[in-house]
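Novice: Before we start, here is the structure in question, set down as structure tokens.
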Amino acid sequence: MSINKLKLFLKPRKRPELLRRSELEELVRSIIEETKTIPIKPVNPVEQYSIDDEVFITISNRNGILEYVVSEPRYDDRTIYAVTKIYLINPRCKDLACIQEVVAGSNDEELYDAFNQQPLSIAYYYKKVASGYGALYPLIRDPYIEEIAGSAEDERFSVIHRRYSWYGWMNTNIAISYGSMDRIVLSLARKTGRHLSLAHPVVEGLTEEGLRISLTYGREVSRKGSSLVIRKKPPTPWTITKLIDAKALSSLMAAYLWLIMELRGAILIVGGVSSGKTTMLQALLTLIPPSRRVVTIEDTPEITGTTGYWDPLVERVVSIGESSSIDMYSLLKFSLRRRADYLVVGEVRGVEARLLVQASRLGHGILATMHAENAESAIERLVAPPISIPKNMLSNIWCIVVMESDHGVRRVKGIYEVDKRVRIHRVFYHRGSGLFEPSDPSSVAESSHRLRNVLDPEDAINELVSRTVFLEKMVSNGVLEFNMLSEELGKFYYDIVESEVLRENAS
């Protein structure tokens with residue numbers, strides 16, 4: 010792409026009527042033609058599917074190496090003319106119906122004829138141009154793509170596919186050129202609202218669509234030139250019932266964590282990279298009582314909601330201008346004055362962990378994630394600089410959930426409690442093949458010193474049983490989505506309150 014084209018693309022969008030058609034047509038052509046595909050003939054197709062009948066995807070197995078092959082619609086000069094004309098009339102169409110309306114009202118016979126002959130192709134390339142994602146557009150559209158990566162010196166983009174996450178990264182047939190990569194990362198940075206340049210060559214952020222983006226520009230910090238990693242959120246939020254159904258944990262384990270949360274305990278979720286920490290955090294937030302207030306604090310917003318009253322706070326990082334940055338520590342101090350029943354920190358990295366542990370002493374329920382391979386290394390990291398929490402304060406952490414990714418399958422490896430002497434005791438463990446121990450509530454009530462400290466043994470067993478039965482019923486009835494589970498959770502708590510009122514009236 011030429012410098013003039015690049016400047017045109019990076020400038021704030023002019024109103025369509027202020028753009029010359031020739032300028033826009035040149036830009037549309039450059040965006041469409043910049044996507045180059047490596048001519049790969051799919052060999053031994055493992056799976057084939059389409060995205061809205063516009064793009065066709067083939068997962069092929071070439072001598073044991075999986076490849077992700079994209080087939081976009083064909084285009085010609087009439088396609089480019091039609092996309093340009095539609096964009097001039099309305100640059101904000103989101104669907105085929107809007108595009109059809111523009112064509113019908115255009116009084117342009119050439120546009121009308123072109124659209125009648127290739128409606129899907131024109132609609133697809135219009136949406137691709139309008140999206141601002143360029144060559145990445147088909148990968149962004151595919152709901153099964155979990156992560157996307159590439160750099161200026163890579164031959165092509167690579168992806169992690171949700172159905173084949175056990176395999177790891179697979180190459181696509183979408184080629185990368187040096188100049189196009191610079192344009193793509195600059196365009197993505199604008200979508201996050203953050204500044205990317207040679208002076209500020211690293212950006213992390215979230216787009217309006219919920220894409221978590223990590224970018225570098227030029228060779229200032231990346232030896233392979235401009236680069237990107239994009240993590241897509243799942244099509245629908247994870248719930249605790251979805252995780253149980255996926256055998257990421259047992260219903261009894263979920264019931265135990267639910268009870269710890271209701272008792273306002275502090276839960277720390279740890280694991281390696283892409284082990285499912287944030288997924289577990291999001292799922293546990295679907296067990297918050299509907300009448301409780303939840304404050305979430307994140308550097309990059311990934312949490313999508315909770316069954317309680319939600320107050321989401323996000324760290325602000327400012328690299329230019331007069332505005333001041335607001336870090337997680339400041340947000341956590343601020344949140345203590347917002348009458349939160351639960352404080353949730355997306356990822357603990359620094360001194361904010363000390364304040365979080367202190368907040369647990371004040372009666373707040375705590376949920377947080379942290380990078381650590383096991384419970385012992387989590388404790389070691391908390392007492393070491395830069396966090397440096399006095400070891401005697403760590404007894405405020407009730408339990409540590411350890412996540413693992415085994416050949417792409419994310420699940421709970423074990424749940425451990427921290428006692429008053431900061432000793433670690435195993436409560437649950439994964440014994441293999443999606444089976445977990447212990448499997449009966451009485452064993453959990455007996456082994457959990459946290460539950461023994463606050464509940465009579467019989468009460469602890471009854472609470473675990475009622476929650477386990479509820480969760481198993483939800484899973485067997487297919488109550489896996491957020492809204493459905495939220496409604497059933499409201500009924501669960503209403504029944505508890507109603508029975509307590511009846512019991513008090515009877516006495």
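Here this note's numbering is used: the sequence shown runs in plain steps of one and ends on residue 516.
Virtual Cβ for every residue (Gly too), placed ideally from N, Cα, C.
Please say whether A161 and S235 have beta carbons closer to each other than 8 Å?
Specialist: Counting from one through the sequence shown, the residue named residue 235 turns up at place 226. Counting from one through the sequence shown, the residue named residue 161 turns up at place 152. Yes. Within cutoff.
Novice: Within 10 angstroms of its Cβ, does N13 collect 16 or more other Cβ (buried), or is it exposed?
Specialist: Position 4 of the sequence shown, counted from the start, is the residue given in the question as residue 13. Any answer about N13 is weak, because its pLDDT of 45 lies below 50 and its placement is not dependable; what the coordinates show is given next. Label assigned to N13: exposed.
Novice: When DSSP builds the beta bridges, which residues end up paired with A377?
Specialist: Taking the sequence shown and counting its residues from 1, one reaches residue 377 at position 368. DSSP lists L277 and V354 as partners of A377.
Novice: Quick check on the burial criterion: 16 or more other C-beta atoms within 10 angstroms. Buried or exposed for H170?
Specialist: As a working mapping, residue 170 is identified with position 161 in the sequence shown. Burial call: buried.
Novice: Name the DSSP beta bridge partners of F437, please?
Specialist: Residue mapping note: residue 437 aligns to position 428 of the sequence shown, counting from 1. Paired residues: I424.
Novice: To which residues of the same chain is K256 closer than 7 Å at the C-beta, ignoring the five residues directly before and after it?
Specialist: The sequence position of residue 256 within the sequence shown is 247, counting from 1. Answer for K256: R420 and G443, listed in chain order.
Novice: Closer than 8 Å is the cut-off here; do at least three beta carbon pairs connect the region 187 to 200 with the region 127 to 134?
Specialist: No: the two stretches stay apart, fewer than three of their Cβ pairs being nearer than 8 Å.
Novice: Does D415 pass the burial test, meaning 16 or more other C-beta atoms within 10 Å, or should it be called exposed?
Specialist: For the purposes of this step, residue 415 is taken as residue 406 along the sequence shown, with counting starting at 1. D415 should be labelled exposed.
Novice: Out of L237, E63 and R232, which one is the CA nearest neighbour of I222?
Specialist: Counting from 1 along the sequence shown, the entry for residue 222 is found at position 213. Among L237, E63 and R232, the Cα nearest to that of I222 is on L237.
Novice: Just reading off the beta strand (DSSP E) that N70 is part of, what are its end residues?
Specialist: In the sequence shown, the residue the question calls residue 70 occupies position 61. Here the beta strand (DSSP E) through N70 covers V64 to R71.
Novice: Report the residue from K342, L352, Y351 and D350 whose alpha carbon sits nearest the alpha carbon of V360.
Specialist: Sequence index remark: in the sequence shown, residue 360 carries index 351 (1-based). Here the closest residue by C-alpha is K342.
Novice: W319 bridges to which residues according to DSSP?
Specialist: Position 310 of the sequence shown holds residue 319. DSSP lists V303 as partners of W319.
Novice: Which residue or residues does DSSP assign as beta-bridge partners of Q57?
Specialist: Within the sequence shown, numbered from 1, the residue matching residue 57 stands at position 48. T67, per the DSSP bridge assignment.
Novice: For L322 versus V366, is the C-beta spacing smaller than 8 Å?
Specialist: In the sequence shown, residue 322 corresponds to position 313, counting from 1. In the sequence shown, residue 366 corresponds to position 357, counting from 1. No, these two residues do not count as a Cβ contact at 8 Å.
Novice: Based on the DSSP secondary-structure assignment, which residues constitute the bridge partners of M412?
Specialist: On the sequence shown, position 403 is the one that residue 412 refers to. The partner list for M412 (beta bridge, DSSP) reads V421.
Novice: Per the DSSP calculation, F445 is bridged to which residue(s)?
Specialist: The residue given as residue 445 occupies position 436 in the sequence shown. DSSP lists H439 as partners of F445.
Novice: For the beta strand (DSSP E) holding V168, just list the boundary residues, first then last.
Specialist: Counting from 1 along the sequence shown, the entry for residue 168 is found at position 159. From DSSP, the beta strand (DSSP E) with V168 extends over R165 to H170.
Novice: In its own chain, which residues sit with a C-beta less than 6 Å from the C-beta of R87, not counting the 5 before and 5 after it?
Specialist: Here residue 87 refers to the residue found at position 78 of the sequence shown. So the qualifying residues of the chain are A123.
Novice: Comparing alpha-carbon positions, which option in V52, P243, P82 and A275 lies nearest L460?
Specialist: By 1-based counting over the sequence shown, the position of residue 460 is 451. Checked all of V52, P243, P82 and A275; the closest Cα to L460 is A275.
Novice: In the DSSP assignment, find the unbroken alpha helix (DSSP H) run with G159 in it and report its ends.
Specialist: Against the sequence shown, residue 159 aligns to sequence position 150. Segment I154 to S160 is the beta strand (DSSP E) holding G159; no alpha helix (DSSP H) there.
Novice: Between the beta-carbon of D320 and the beta-carbon of E356, is there less than 8 Å?
Specialist: Within the sequence shown, residue 320 is the residue found at index 311, counting from 1. Within the sequence shown, residue 356 is the residue found at index 347, counting from 1. No, these two residues do not count as a Cβ contact at 8 Å.
Novice: Between A144 and L480, is the Cβ-Cβ spacing less than 8 Å?
Specialist: On the sequence shown, residue 144 is found 135 positions in, with the first residue counted as 1. On the sequence shown, residue 480 is found 471 positions in, with the first residue counted as 1. No. Outside cutoff.
Novice: Report the rounded CA-to-CA distance for E324 versus Y338, giving the unit in angstroms.
Specialist: Here residue 324 refers to the residue found at position 315 when the sequence shown is read from its first residue. Here residue 338 refers to the residue found at position 329 when the sequence shown is read from its first residue. In a straight line, the C-alpha of E324 is about 9 Å away from that of Y338.
Novice: What's the gap between the Cα of S451 and the Cα of V427?
Specialist: For the purposes of this step, residue 451 is taken as residue 442 along the sequence shown, with counting starting at 1. For the purposes of this step, residue 427 is taken as residue 418 along the sequence shown, with counting starting at 1. Answer to the nearest angstrom: the Cα atoms are 20 Å apart.
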